[in-house]
Structures are given as structure tokens and as C-alpha cells.
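Structure, as C-alpha cells:
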Amino acid sequence: MSVSNQRQSIHYTQDSIDTSYPHSENTVSTDHRHPDDRAQLATSLIESGVGALLILAVVSGFLWAPGETTGSTAELDQLAADTLHILEGEIPSSSEQSYLMAMCDTSSTIMTEQTLLRDRVAAILPPTVFAQIKTPHGTIGPAVPVGGHTGQAVSIGSRCTVAIEVWYV
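So for the sequence shown, my numbering puts the first residue at 393; every next one is plus one.
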């Protein structure tokens, strides 16, 4: 056997050389995948994980959403009394008298203070509670629903009587 037969020449073709790395121009690539085919499985896993988290967030939003609030009449009565007490003590910046005294004046005063009073009552009460205020000059707020729990409070002043009725939405 001759020495020339023992040596086998290795020929490299352009397809078998991995040219993706500049520092290894003469290395033989055993991976026959296209460079764009890499990381497809990981991307799919990430997308499915994000999708599962999105579904979990929507489901948990329904599970942990506050349910129907069924407060007792005593709780609503206390809430109505507290609201009237706050309105008796506060003086709006546009007036020199409390909200309740302003409501006892005339119907024209009621009309000018109505928006301010409605906003103040909405700020005092929790977001799930509505109120209707009755004065000798009119009613402020939405109509009281029929057949539900409501709370009531009355303030008897020197010039008029103001009643408030609150309920859960």
C-alpha cells in the first residue's frame, strides 16, 4: 500500500461551508437548516404563553369582579345620614351658606346650585350608590328604583326640611 492511497483528499464544496460566522470561514456545517428556520419553536412557546396569560387575565377579571352589593337598609340609612351631615357642614366656594341652607332658599337658587350639589353628593357616596335629594323646591337626582333596598335620612332645618334617599346600583 502506498502512502498516496492512504491519504484521501477532502474536498469542500461551497454548500458545506458555514459562512454565517466570519471567524470560521473554513468550518464544515453539519446543520442543513436555513438560518431563518432557527428559534421558531421558542417563538411559538412564547406566543402560546402570552395567549394563555391573556385568557387567564380575562377569566380572572370575571371571577374577581365585585358581585351584586346587597346592603342592608340600616347601612343605607347610615350612609344617607352621613351624607346629609357632610352637606350641612360644608360651605361651597360660590356661596356663604351650607349646601342644605342653599337648597332651602328659593327654587332659582336650587337651579344654580343643583349641578354643584349633584357633583358633591357623587363625590361623597361610593361609586355604586345613587342618591335623590328632596327639598320643598324640587328633587335633585335620579328617580328612586321600585322594590329595592333604600336608605333615608331627613334634616329638619329652621327654614325647610331636606330628605335624602340612597340605594345601591
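Ideal Cβ placement from N, Cα and C applies to all residues, glycine included. Note that the coordinates shown come from a computational prediction; the quantities given were computed from them, not determined experimentally.
Of the listed residues GLU482, ALA494, ILE483 and VAL538, nearest to GLY530 (C-alpha basis): Taking only the C-alpha atoms, the option nearest GLY530 is ALA494.
Beta-carbon proximity of PRO484 to LEU508, cut-off 8 Å: Less than 8 Å separates the beta-carbon of PRO484 from that of LEU508.
Three or more C-beta pairs below 8 Å linking the region 439 to 446 and the region 522 to 538: With a cut-off of 8 Å, the region 522 to 538 and the region 439 to 446 do not count as touching, because too few Cβ pairs lie within range.
Own chain residues within Cβ distance below 6 Å of ASP469, not counting five before or after: Here the set comprises GLY543.
Simplified DSSP assignment, three categories, for CYS552: DSSP places CYS552 in the coil class of the three-state scheme, outside both helix and strand.
Within 8 Å, strictly: CB atoms of ILE525 and ILE548: Their beta carbons are not under 8 Å apart, which means ILE525 does not touch ILE548 by this criterion.
VAL546 burial status per 10 Å Cβ neighbour count (16 or more: buried): Exposed, by the Cβ-count rule.
CB contact flag (VAL513, THR475, <8 Å): Against a cut-off of 8 Å, the Cβ pair of THR475 and VAL513 comes out as a contact.
With 16 other Cβ atoms within 10 Å as the buried cut-off, status of THR527: When all chains shown are included, THR527 counts as buried.
Cross-strand partners of SER547 (DSSP beta bridge): Under the DSSP definition of a beta bridge, SER547 partners with VAL554.
Beta-bridge partners of ALA523, as assigned by DSSP: Here ALA523 is bridged, per DSSP, to VAL558.
Limits of the unbroken beta strand (DSSP E) element including GLY481: Judged by DSSP secondary structure, GLY481 falls outside any beta strand (DSSP E) and instead within the alpha helix (DSSP H) spanning 465 to 481.
Endpoints, beta strand (DSSP E) assigned at GLY539: Unbroken run through GLY539: none, as it is neither H nor E.
Residue of GLU488, ILE478 and GLU439 minimising C-alpha distance to ALA515: Minimum Cα-Cα distance from ALA515 among the listed residues GLU488, ILE478 and GLU439 corresponds to ILE478.
Reference TYR560, options ILE447, ALA472, GLU505 and SER490, closest by Cα: Of ILE447, ALA472, GLU505 and SER490, the residue nearest in Cα terms is ALA472.
Endpoints, the alpha helix (DSSP H) within which LEU517 is located: Segment: none, LEU517 is in no alpha helix (DSSP H) and carries neither H nor E.
For SER490 and GLU480, believed in contact at Cβ under 8 Å, the rounded distance: So it is a contact: roughly 6 Å between Cβ atoms.
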